[in-house]
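Read through the structure below, which is laid out as structure tokens, and then see the notes.
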Amino acid sequence: MNVDTVLTTAFDGLAAVHRPIMVVALRGWFDVADVATGALEELIHDRVAPVVASIDPDPFFDFTQERPLIVRDEGMYSGITWPTNQFRLARFPGADHDLIVLAGVEPHLRLRTFTDAILAVAAALRCEAVVTIGAAADAVPHSRPPLVVSSTTDERLAAALGLARPRYQGITGLVGVLQQQLQDRDIPGISLRVGVPHYLDGSQHPHAKLSLLSHLSHVVGVPIDDSRLLEEIDQWNQVHDDVVNDDPQIHAYVAELERRYDQHIDRQLSEADDIAAQFEQFLRDRDPGPGPESP
Numbered sequence: 018m019n020v021d022t023v024l025t026t027a028f029d030g031l032a033a034v035h036r037p038i039m040v041v042a043l044r045g046w047f048d049v050a051d052v053a054t055g056a057l058e059e060l061i062h063d064r065v066a067p068v069v070a071s072i073d074p075d076p077f078f079d080f081t082q083e084r085p086l087i088v089r090d091e092g093m094y095s096g097i098t099w100p101t102n103q104f105r106l107a108r109f110p111g112a113d114h115d116l117i118v119l120a121g122v123e124p125h126l127r128l129r130t131f132t133d134a135i136l137a138v139a140a141a142l143r144c145e146a147v148v149t150i151g152a153a154a155d156a157v158p159h160s161r162p163p164l165v166v167s168s169t170t171d172e173r174l175a176a177a178l179g180l181a182r183p184r185y186q187g188i189t190g191l192v193g194v195l196q197q198q199l200q201d202r203d204i205p206g207i208s209l210r211v212g213v214p215h216y217l218d219g220s221q222h223p224h225a226k227l228s229l230l231s232h233l234s235h236v237v238g239v240p241i242d243d244s245r246l247l248e249e250i251d252q253w254n255q256v257h258d259d260v261v262n263d264d265p266q267i268h269a270y271v272a273e274l275e276r277r278y279d280q281h282i283d284r285q286l287s288e289a290d291d292i293a294a295q296f297e298q299f300l301r302d303r304d305p306g307p308g309p310e311s312p
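The letter at position 156 of the sequence shown is residue 173 when you use our numbering, and the numbering goes up by one with no holes.
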């Protein structure tokens with residue numbers, strides 16, 4: 018299948034994009050409780066972020082798993098909503114980078130073609146790097162700021178930023194395929210992952226969203242508005258505390274997680290503080306010199 022048959026772009030007439038970085042989050046296996054896609058939706062909330070490209074859902078989804086939705090407005094039928102994968106341009110005047118944001122749905126089928134479509138947009142807009150963000154169930158306490166783990170398959174980035182290289186071996190999803198393709202095509206790629214308390218299955222986790230969004234903001238150098246998430250955190254903290262306090266076994270388990278967390282927090286925060294400056298220096302060192310900006 019040809020990428021041109023599934024990718025629609027709106028690049029004509031687009032004003033120059035300033036040193037863009039693409040950020041990708043896909044609802045599915047690598048997005049527990051929709052934390053990653055929710056973080057990107059917060060990033061562009063109330064911000065003018067026009068769609069610059071979209072991927073046709075039809076070849077990529079098993080619609081018995083990801084079913085379309087009937088939409089009604091005031092009781093009247095208004096259409097069908099399909100799984101959406103749209104690239105939005107978020108400009109940040111005065112910041113180091115504009116962002117190309119894809120907050121979509123992980124495909125079931127034709128992962129290579131879907132990945133090629135993402136990379137085609139990154140190439141057309143001359144993205145300097147691609148950052149994937151995700152969330153995974155983990156043995157972490159809800160009562161502490163969730164930690165974000167950064168990794169890369171790129172040997173140069175790993176050395177320059179002191180990032181871990183993935184050691185996981187086994188089945189993977191779109192994010193794993195994309196990160197490998199970035200390495201094969203010599204495009205800098207970073208993966209950011211936040212842990213979500215596994216013992217609170219089915220809950221919302223705005224604290225994890227905020228940690229992931231704050232880390233992303235720090236690394237790529239763009240501002241965020243955290244006011245809505247702070248309100249959600251206040252609401253959900255009480256819910257989470259009630260669940261834990263009502264079960265003595267969970268309460269004891271969380272106390273042990275808190276002890277382990279506190280032993281490692283200083284080292285983790287120190288590493289996070291270094292990544293932003295090192296990443297920016299890496300991109301500037303890699304830049305061959307001034308040239309035309311993206312369309």
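Each residue gets a CB set at the ideal place from its N, CA and C atoms; glycine is no exception.
Label Tyr94 either buried or exposed according to how many other C-beta atoms from any shown protein chain fall within 10 Å of its C-beta, with 16 as the threshold for buried.
By the neighbour-count criterion, in which 16 or more other beta carbons inside 10 Å mark a residue as buried, Tyr94 falls on the exposed side.
State the Cα-Cα distance for the pair Gly193 and Phe47, rounded to the nearest angstrom.
Rounded to whole angstroms, the separation of the alpha carbons of Phe47 and Gly193 is 10 Å.
Rounded to whole angstroms, what's the CA-CA distance from Gln295 to Val147? Just pull it up for me.
Between Gln295 and Val147, the alpha-carbon positions lie close to 16 Å from each other.
Flag this pair as touching only if the region 33–49 and the region 96–115 have three or more C-beta atom pairs under 8 Å; answer yes or no.
They touch, by the three-pair rule.
Bridge partners - Val211, DSSP secondary structure assignment:
As DSSP reads the structure, Val211 sits in a beta bridge with Ala152, Val165.
Helix, strand or coil at Asp29 according to DSSP, with G and I counted as helix
In the structure shown, Asp29 adopts coil according to DSSP, grouped into three states.
The beta strand (DSSP E) that contains Phe104, what's its start and end?
Where Phe104 is concerned, the enclosing beta strand (DSSP E) stretches over 103–107.
Could you work out which residue in Pro265, Asn262, Val237, Gln255 is closest to Leu300 when comparing CA atoms only?
Selected option, being the one with the closest Cα: Val237.
Under three-state DSSP, which class holds Gly4?
This structure gives no information on residue 4, because the portion of the chain shown stretches from 18 to 312.
From Gln197, Val261, His257, residue whose alpha carbon lies closest to that of Thr170:
It is Gln197 whose Cα lies nearest to the Cα of Thr170.
For Arg105, count neighbouring Cβ atoms within 10 angstroms of its own Cβ and tell me buried if that reaches 16, exposed if not.
With 16 or more other Cβ atoms within 10 Å, it is buried.
Give the range of the alpha helix (DSSP H) segment to which Ile250 is assigned.
First-last of the alpha helix (DSSP H) with Ile250: 244–262.
Tell me, please, which residues DSSP counts as bridged to Arg89.
Answer by DSSP bridge pairing, in chain order: Tyr94.
For Arg129 and Ala272, what's the separation of their Cα atoms in angstroms?
Taking the straight line joining both Cα atoms gives about 44 Å.
Assign Pro37 to one of three DSSP states: helix, strand, or coil.
Of the three classes helix, strand and coil, the one that applies to Pro37 here is coil, per DSSP.
Looking at the secondary structure, which residues open and close the alpha helix (DSSP H) in which Pro157 lies?
The question names Pro, yet the displayed sequence has Val at residue 157. Counted as a single uninterrupted DSSP element, the stretch harbouring Val157 is not any alpha helix (DSSP H), since DSSP gives it neither H nor E.
Check Ile135 in the structure and name its three-state DSSP category.
Ile135 falls in the helix class under three-state DSSP.
One question on the structure: do Val231 and His257 come within less than 8 Å of each other, judged by their Cβ atoms?
It is worth fixing the name first, because residue 231 is Ser in this sequence and not Val. For Ser231 and His257, no; Cβs fall outside 8 Å.
Same chain, Cβ closer than 6 Å to Val65, neighbours up to 5 away in sequence not counted
Taken in chain order, the list of residues that qualify is empty.
Paired residues, beta bridge with Gly121 - DSSP
Leu43, per the DSSP bridge assignment.
Ile117 and Ala56 - do their beta-carbons sit closer together than 8 Å?
No, the pair does not count as a contact, with Cβ atoms beyond the cut-off.
Under 8 Å between C-beta atoms of Ala153 and Val213:
Remark: C-beta atoms of Ala153 and Val213 approach each other more closely than 8 Å.
For Gly92 and His235, the rounded distance between their alpha carbons:
One C-alpha to the other measures close to 44 Å.
Neighbourhood of Glu297 by C-beta, 7 Å cutoff - its chain only, sequence neighbours within 5 removed:
Within the same chain, Glu297 has close Cβ partners Asp113, Gly238.
Taking Ala225 as part of the alpha helix (DSSP H), name the residues at either end of that continuous run.
Annotation: the continuous alpha helix (DSSP H) that includes Ala225 extends over 223–237.
So is Val165 buried or exposed if we call it buried at 16+ other beta carbons inside 10 Å?
Flag for Val165 reads buried.
Could you check if Asn102 is buried or exposed, using at least 16 other CB atoms within 10 Å of its CB as the buried criterion?
With 16 or more Cβ atoms within 10 Å of its Cβ, Asn102 is classed as buried.
Per DSSP, what kind of secondary structure is Ala177 in: helix, strand or coil?
Here Ala177 sits in helix by DSSP.
So what does DSSP say about Leu24, is it helix, strand or coil?
Note: Leu24 maps to strand in three-state DSSP.
By DSSP, does Leu56 sit in helix, in strand, or in coil?
Correcting the residue type first, residue 56 is Ala in the shown sequence and not Leu. In the structure shown, Ala56 sits in a helix (DSSP, three-state: H, G or I).
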